[in-house]
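Engineer:
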Amino acid sequence: MHTTVGIIGGGPAGLLLARLLHRAGVDSVVLERRDRAHVEHRQRAGLLEQATADVLRAAGAGARLDREGKVHQGFELRFARRSHRIDLAALTGGRTATMYAQTEVVKDLITLQLAEGGPLLFGAEARAVDGADTGRPAVRYLHQGRERTLTCDYVVGCDGSHGVARGAVPERLRTTYQQTHPYSWLGILADAPPVYEELVYAHSERGFALASMRSPVVSRLYLQVPNGTDPADWPDERIWDELDARLALDADPGRRLTRGPVTATTVVPMRSQVTEPMRYGRLFLAGDAAHIVPPTGAKGLNLAVADVVVLARALVHRHTTGSPELLEAYSDTCLRRVWRAEHFSHAMTRLLHTDPHGTPFEARLQLAQLERLVTSPHAAAEFADNYTGAPLVPAS
Ligand code: APR
Ligand code: PHB
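Count along the sequence shown from 1, add 32, and you get the number used in the numbering used here.
#1: Under three-state DSSP, which class holds C366?
#2: Closer than 8 Å to a non-hydrogen atom of ligand 2 - does that hold for the CB of M302?
#3: Tell me whether P327, by its Cβ, gets closer than 8 Å to a heavy atom of ligand 1.
#4: In the segment 396-421, which residue ranges form an unbroken alpha helix (DSSP H) of at least 4 residues, counting only runs that do not cross its ends?
#5: From the DSSP output, in three-state form, read off A200 for me.
#6: Mind checking D191: buried by the 16 CB within 10 Å criterion, or exposed?
#7: Curious, which full-length beta strand (DSSP E) runs of at least 3 residues does the segment 178-247 contain?
#8: Report the residue from V71, V62, P267, Y312 whose alpha carbon sits nearest the alpha carbon of G199.
#9: My guess is that V370 and H410 are in contact by the Cβ rule of under 8 Å, so how many angstroms apart are they, rounded?
#10: Can you check DSSP and say which residues form a bridge with V71?
#11: Considering only DSSP beta bridges, list what I40 is partnered with.
#12: CB of L333 to nearest heavy atom of ligand 1: below 8 Å?
#13: Going by the C-beta, is S363 closer than 8 Å to any heavy atom of ligand 1?
#14: So, is the C-beta of T143 closer than 9 Å to a C-beta in chain B?
#15: When the Cα atoms are used, what is the spatial distance from D339 to H104?
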């Protein structure tokens with residue numbers, strides 16, 4: 033089989049890239065290791081930056097997003113048993129965030145791809161990328177028990193943090209920068225109405241908590257826990273008691289956390305990682321294959337979308353004009369946004385979590401910074417600008 037763009041991975045990055053290329057008349061093939069049900073039911077974050085929501089709409093994937101997604105004008109920040117509102121829209125001249133789970137974005141893109149796009153093969157596991165530095169790269173993959181080869185003009189590794197594409201860049205030519213945070217998130221889905229119509233981020237001496245949502249009757253809640261935590265040590269009652277203690281809603285008369293059956297529990301490690309450059313010859317890396325952010329602030333999906341928008345534009349430019357100029361700039365263009373988001377995700381994580389190795393002095397500094405955020409319009413505006421995300425590079 034031959035295609036113009038061979039895409040490894042059918043997560044949000046790979047699926048949106050295929051969609052953008054298809055709309056511009058460039059053919060592609062998506063190889064996805066897992067089956068469709070697995071890909072559609074993976075629980076991930078669910079907050080879309082303004083630009084991400086706009087890209088999905090422009091790609092014709094906005095119908096259900098507009099019906100079911102919820103626009104958030106701000107969020108609640110709680111610390112020292114007090115509540116503050118960060119008014120994102122007012123601080124950014126109207127930019128907002130949209131609550132629409134990544135798993136729903138993936139379902140919408142799969143439906144569109146299967147109905148209108150090029151081949152999307154489930155159960156197709158890429159084993160290696162050959163000849164990335166030649167004019168005719170190829171992906172060797174396993175499908176229905178047989179090894180096959182997909183020859184391409186370009187290969188894009190959208191295969192997440194454990195994929196094969198990154199390893200196809202020779203070790204001497206790539207650098208990985210990383211940091212592991214000294215805590216994880218215990219995430220639950222519960223059949224219970226959300227605490228509040230907006231997200232609630234809580235800093236407390238007992239650790240961080242986040243109250244998010246998936247629908248008017250399903251809550252998504254997170255607790256900071258030590259690395260290596262076994263979910264079995266967290267029965268439902270313990271989770272709810274800890275959320276109550278950290279969110280401290282009892283400080284506000286009339287507000288309380290409604291409990292309900294916990295339907296899923298997972299432990300998410302918190303890592304920051306960037307691999308540079310994001311290109312080797314005709315192989316390009318996009319999304320989690322190139323960078324990981326800790327989940328605080330939910331930048332992962334948004335960065336993946338930003339990468340593939342830049343890449344789709346560059347591939348289409350090459351296809352229509354013959355010029356490789358934008359492809360050559362791809363890595364540098366993306367890395368500027370990546371490092372901005374890495375900095376923000378890292379800073380937001382550090383601001384809200386209790387550092388198990390931190391000193392009392394550092395804990396006071398953290399409170400001083402939180403206080404700054406809710407009293408200085410300058411500090412709040414800087415935060416809101418990052419949280420809602422920079423606009424994508426203007427159309428060329
Ligand atoms: N061959 C084919 N597919 C593969 C292979 C392989 N060797 N290895 C991994 N994959 C698939 C995975 O099964 C997954 O569906 O690649 C896909 C990668 O998808 P994601 O991990 O969702 O990564 P990405 O599309 O970059 O999206 C980034 O996902 O991890 C979250 O927080 C992250 O929200 C961010 C978003
Ligand atoms: C989520 O709903 O999963 C979520 C929301 C906001 C975050 C992180 C995760 O900052």
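Backbone N, C-alpha and C define an ideal beta-carbon position, used for all residues, glycine too.
None of the values given here were measured: they were computed from a predicted structure.
Structural biologist: By the coordinates alone:
#1: helix
#2: no
#3: yes
#4: 409-420
#5: helix
#6: buried
#7: 178-189, 207-222, 232-234, 241-247
#8: Y312
#9: Not confirmed; about 25 Å, so no contact.
#10: Paired residues: none, contrary to the question.
#11: L63, G189
#12: yes
#13: no
#14: Absent from the structure: chain B. Only one protein chain is present.
#15: 24 Å
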